[in-house]
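All residue numbers for the sequence shown refer to our numbering, where the first residue is 305 and numbers rise by one.
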Amino acid sequence: MGQQSDDLRPQSLAQVEQMMTGPSSIPNSIQASYDAVPYASFPFPQSHPDRLATVATMMGMQPAPLTACRVLELGCAAGGNLIPMAYSLPHSEFIGLDLSPRQIAEGQTIVEALGLSNISLRAQDMLAVDEGLGQFDYIIAHGVYSWVPPEVRDKLLEICGRHLAPQGVAYVSYNTYPGWRMQEAVRDMLCYHTRQTSDPHERISQARQLLDFLAVNIPTERNPHANFLHAYLNFVNERFVPATDNLVMLHNELAEINQPVYFHQFAEHAAAHGLKFLAEADFRATLAQNLPAPVLAALRQFGEDVVSLQQYLDFLQNRTFRQTLLCHQAIRLKGKLAPERLPEFAVASCALPEQPDVEPRQATVVNFRAPNGDTLSTDHPVTKAAMLHLSQQWPQAVPFPALIAAAYQRLGLDASPAEMNNDWQLLATNLLRAYGFNEDLVEFRLWVPPFVRQVSERPVVSPLARYQARQGPYVTNLRHEVIKLEGVSHALIPYLDGSWSRTALLEVLAGWLAEGTIEVSQADQPNREPAALLPETLEQALASLANAALFVA
Numbered sequence: 305m306g307q308q309s310d311d312l313r314p315q316s317l318a319q320v321e322q323m324m325t326g327p328s329s330i331p332n333s334i335q336a337s338y339d340a341v342p343y344a345s346f347p348f349p350q351s352h353p354d355r356l357a358t359v360a361t362m363m364g365m366q367p368a369p370l371t372a373c374r375v376l377e378l379g380c381a382a383g384g385n386l387i388p389m390a391y392s393l394p395h396s397e398f399i400g401l402d403l404s405p406r407q408i409a410e411g412q413t414i415v416e417a418l419g420l421s422n423i424s425l426r427a428q429d430m431l432a433v434d435e436g437l438g439q440f441d442y443i444i445a446h447g448v449y450s451w452v453p454p455e456v457r458d459k460l461l462e463i464c465g466r467h468l469a470p471q472g473v474a475y476v477s478y479n480t481y482p483g484w485r486m487q488e489a490v491r492d493m494l495c496y497h498t499r500q501t502s503d504p505h506e507r508i509s510q511a512r513q514l515l516d517f518l519a520v521n522i523p524t525e526r527n528p529h530a531n532f533l534h535a536y537l538n539f540v541n542e543r544f545v546p547a548t549d550n551l552v553m554l555h556n557e558l559a560e561i562n563q564p565v566y567f568h569q570f571a572e573h574a575a576a577h578g579l580k581f582l583a584e585a586d587f588r589a590t591l592a593q594n595l596p597a598p599v600l601a602a603l604r605q606f607g608e609d610v611v612s613l614q615q616y617l618d619f620l621q622n623r624t625f626r627q628t629l630l631c632h633q634a635i636r637l638k639g640k641l642a643p644e645r646l647p648e649f650a651v652a653s654c655a656l657p658e659q660p661d662v663e664p665r666q667a668t669v670v671n672f673r674a675p676n677g678d679t680l681s682t683d684h685p686v687t688k689a690a691m692l693h694l695s696q697q698w699p700q701a702v703p704f705p706a707l708i709a710a711a712y713q714r715l716g717l718d719a720s721p722a723e724m725n726n727d728w729q730l731l732a733t734n735l736l737r738a739y740g741f742n743e744d745l746v747e748f749r750l751w752v753p754p755f756v757r758q759v760s761e762r763p764v765v766s767p768l769a770r771y772q773a774r775q776g777p778y779v780t781n782l783r784h785e786v787i788k789l790e791g792v793s794h795a796l797i798p799y800l801d802g803s804w805s806r807t808a809l810l811e812v813l814a815g816w817l818a819e820g821t822i823e824v825s826q827a828d829q830p831n832r833e834p835a836a837l838l839p840e841t842l843e844q845a846l847a848s849l850a851n852a853a854l855f856v857a
């Protein structure tokens, strides 16, 4: 990637504001709210180009390789989603647009700190986008479509239609009916309750107070409305990043514009711009394999095409939110996953066997359970051996050919070509079925993230995570996930730049212990001196960071 010109790399908020292009169609009050209280800028794993490329390939497309692609994000905020992509894919190009000069300036500070030259963040209204922007292999619009005026929604899809490469994939998230019908009632209540104040922080406080009041004072017995409010309050309190939930509430429930749509309406809007439904970024939502067979068969009778089938699924599941992938209408998609394409992918799984000391050669069924409770059950020896191997390699992904080779090695088999072909097909089918059921059980990747599992003598955490750790406990790992660091693990991050040996790190811990900065103890070893526990404490902290996919060397 060539170096960016200086005019694309502003040094201050004033310079960003000077670069603001085009008249905005978005009300000044909305822009002011994002400048006054910026939306939390975090990575969204489901929007990563690898997720988009993986799903597209599964459906028969030939998307651009991640190592040499162009990515556009509309509504990039401070770059919390786009900057980690640019860091981990240095030979690809990334452009982010957002209406808020303040957020663009914040993101540019991070870009400058990391020395990235393959990303450009621009304060720009979408309505000002023209043909000069060029084509992109992946276009991302997370949290934009439902929260902007109609003309901007139309421009968003126009950009996707005009600027998407022939084999490109666009990601658009939005609130959906029928599920948002009930949430709309809560939104109306909160907006009414906060109508007398324009101060964003006060609006959040008042909205929280009302939710708490309703949850406590409406009797739940034989009252579906109260049950819903209790469930909704729990949802608000347990969102993805609790520390930023107030910001999410301000820009979602309390947003000036929040317009859900039915899926068929969104699909029709996309079609008007030459686009069609590819799949959901959450792939299980596309296939609905977790539904009973009779239910799925009936839905397929109701739904004469893909769009109507997906709409009936929304009716059945009362869906509130979609993360839809779009492609050009001319693309011919496959109706089902093809096992023969699996050699192109790497596979990862954190599922563990429920039974101890699994012997994969025995003719018994073994259940591999993911943290969310979903299971893959199999009596196929190669599948059992492969899943055991994946559990030991987690969080790293293993290329499929290497996975089947590792399974055979674990089994001590030297199979004939015919037997290998049969095992290959069975393993592929089992993994694909698990993937379609839930990606928490088995995940596929076309691109293997650049992190290491083994902790070196002089450990190195990614520069991005080191920068973020100086700002607070939340960092982005190399799997494009948010990780919350605590205690010793958080405190060590600034020292994990490759210049500190394990011995030197132990001396740092000893100094902290002497100062009283940290406390060290082991519940199963209450009588040991804290200083004697420091080596174990260090190794545990390093292991937790390795399991979090934060080390690059």
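Every residue gets a Cβ at the ideal spot worked out from N, C-alpha and C, and that includes glycine.
From a predicted model like this one, the values you see are computed outputs, not experimental measurements.
Item to check | Nearest-angstrom Cα separation, counted from residue 672 out to residue 741 | outcome: Computed Cα separation, rounded: 14 Å.
Checklist entry - With a CB to CB cut of under 7 Å and the five nearest residues on each side skipped, what residues in its chain are close to residue 664? => result Around residue 664: 685, 688, 689, 692, 714, 715.
Item to check | Beta-carbon contacts of residue 577 that lie in its chain and below 6 Å, excluding the five residues immediately before and after | outcome: Apart from the 5 residues on each side of it in sequence, residue 577 sits with its Cβ closer than 6 Å to the Cβ of 461, 462, 465 in its chain, given in chain order.
Item to check | Reference residue 676, options 669, 656, 646, closest by Cα | outcome: That would be 656, whose Cα lies nearest to the Cα of residue 676.
Item to check | Continuous beta strand (DSSP E) stretch holding residue 588: start and end | outcome: Unbroken run through residue 588 is the alpha helix (DSSP H), 587 to 591; no beta strand (DSSP E).
Checklist entry - Which residue from 848, 571, 558 puts its Cα closest to that of residue 499? => result The shortest C-alpha to C-alpha distance from residue 499 to any of 848, 571, 558 is the one to 558.
Item to check | Spatially closest choice to residue 862 from 717, 723, 642, by CA coordinates | outcome: This structure gives no information on residue 862, because the portion of the chain shown stretches from 305 to 857.
Checklist entry - Which ranges would you report for the beta strand (DSSP E) in the stretch 434 to 515 if only whole runs of at least 3 residues count? => result As summarised for the stretch 434 to 515, the continuous beta strand (DSSP E) elements at least 3 residues long and confined to that stretch are 440 to 445, 468 to 479, given in chain order.
Item to check | Nearest-angstrom Cα separation, counted from residue 632 out to residue 806 | outcome: Looking at the two C-alpha atoms, the distance is approximately 53 Å.
Checklist entry - How do the stretch 645 to 654 and the stretch 598 to 609 stand: do at least 3 beta-carbon pairs fall below 8 Å, yes or no? => result Remark: fewer than three beta-carbon pairs, one from each stretch, lie closer than 8 Å, so the stretch 645 to 654 and the stretch 598 to 609 are not flagged as touching.
Checklist entry - Do you know how far the Cα of residue 348 is from the Cα of residue 445? => result One C-alpha to the other measures close to 11 Å.
Checklist entry - Across which residues does DSSP place residue 631 in a beta bridge pair? => result DSSP links residue 631 through a beta bridge to 580.
Next on the checklist: Between the alpha carbons of residue 711 and residue 527, how many angstroms are there, rounded?
Outcome noted: Looking at the two C-alpha atoms, the distance is approximately 54 Å.
Checklist entry - At what residues does the alpha helix (DSSP H) containing residue 812 begin and finish? => result Element bounds for residue 812: 806 to 819.
Checklist entry - residue 625: which of 563, 751, 849, 650 sits nearest, CA to CA? => result Nearest to residue 625 by alpha-carbon distance, out of 563, 751, 849, 650, is 563.
Checklist entry - Do the CB positions of residue 858 and residue 379 come within less than 8 Å of each other? => result It is not possible to answer for residue 858, since the shown part of the chain is limited to 305 through 857.
Checklist entry - Nearest CA to the CA of residue 458: which residue from 574, 434, 497? => result Checking every option, the nearest Cα to that of residue 458 belongs to 574.
Item to check | Rounded straight-line distance, which links the Cα of residue 418 to that of residue 370 | outcome: The alpha-carbon separation between residue 370 and residue 418 amounts to approximately 20 Å.
Checklist entry - In the DSSP assignment, what are the bridge partners of residue 616? => result Beta-bridge analysis with DSSP links residue 616 to no other residue.
Next on the checklist: Quick check: the Cα distance between residue 451 and residue 556, rounded to an integer number of angstroms?
Outcome noted: Distance between the alpha carbons of residue 451 and residue 556: 8 Å.
Checklist entry - What number of angstroms, rounded off, separates the C-alpha of residue 662 from the C-alpha of residue 695? => result Taking the straight line joining both Cα atoms gives about 12 Å.
Item to check | Selected residue, minimal CA-CA separation from residue 813, among 410, 837, 344 | outcome: Of the listed residues, the one whose Cα sits closest to residue 813 is 837.
Checklist entry - Can you tell which of 651, 364, 622, 406 has the C-alpha that lies nearest to the C-alpha of residue 484? => result When each option's Cα is compared against that of residue 484, the closest is 622.
Item to check | C-alpha gap between residue 770 and residue 776, whole angstroms | outcome: Going from the Cα of residue 770 to the Cα of residue 776 covers about 10 Å.
Checklist entry - Using the C-alpha atoms, what's the distance from residue 407 back to residue 799? => result Residue 799 and residue 407: Cα-Cα distance of roughly 29 Å.
Next on the checklist: Please classify residue 841 as buried or exposed, where buried requires at least 16 neighbouring CB atoms within 10 angstroms.
Outcome noted: A residue is called buried when at least 16 other Cβ atoms come within 10 angstroms of its Cβ; residue 841 meets this threshold and is buried.
Checklist entry - Do you know offhand how far residue 356's Cα is from residue 414's? => result The straight-line gap from Cα to Cα measures roughly 25 Å.
Checklist entry - Taking the alpha-carbon positions, what's the residue 859 to residue 628 distance? => result The requested residue 859 does not occur in the structure, where the chain is confined to residues 305 to 857.
Item to check | Neighbourhood of residue 674 by C-beta, 6 Å cutoff - its chain only, sequence neighbours within 5 removed | outcome: Result list for residue 674: 655, 744, 745, in chain order.
Next on the checklist: Please state the DSSP three-state secondary structure of residue 775.
Outcome noted: If DSSP states are grouped into helix, strand and coil, residue 775 belongs with the helices.
Checklist entry - Can you check whether the CB of residue 352 is closer than 8 Å to the CB of residue 868? => result Outside the displayed span of the chain (305 to 857) sits residue 868, for which this structure offers no information.
Checklist entry - Whose C-beta lies closer than 7 Å to the C-beta of residue 494 among residues of the same chain, with five residues either side of it excluded? => result For residue 494, where only same-chain residues beyond five positions count, the Cβ hits under 7 Å are 511, 514, 557, 558.
Item to check | Selected residue, minimal CA-CA separation from residue 453, among 443, 431, 467 | outcome: Ranking the options by Cα distance to residue 453, first place goes to 431.
Checklist entry - Just how far apart, CA to CA, sit residue 791 and residue 822? => result Taking the straight line joining both Cα atoms gives about 8 Å.
Checklist entry - Taking just the CA atoms, how far does residue 749 sit from residue 368? => result Spanning the two alpha carbons is a distance of roughly 14 Å.
Checklist entry - If you draw a straight line from the C-alpha of residue 729 to the C-alpha of residue 722, how long is it? => result The C-alpha of residue 729 lies about 11 Å from the C-alpha of residue 722.
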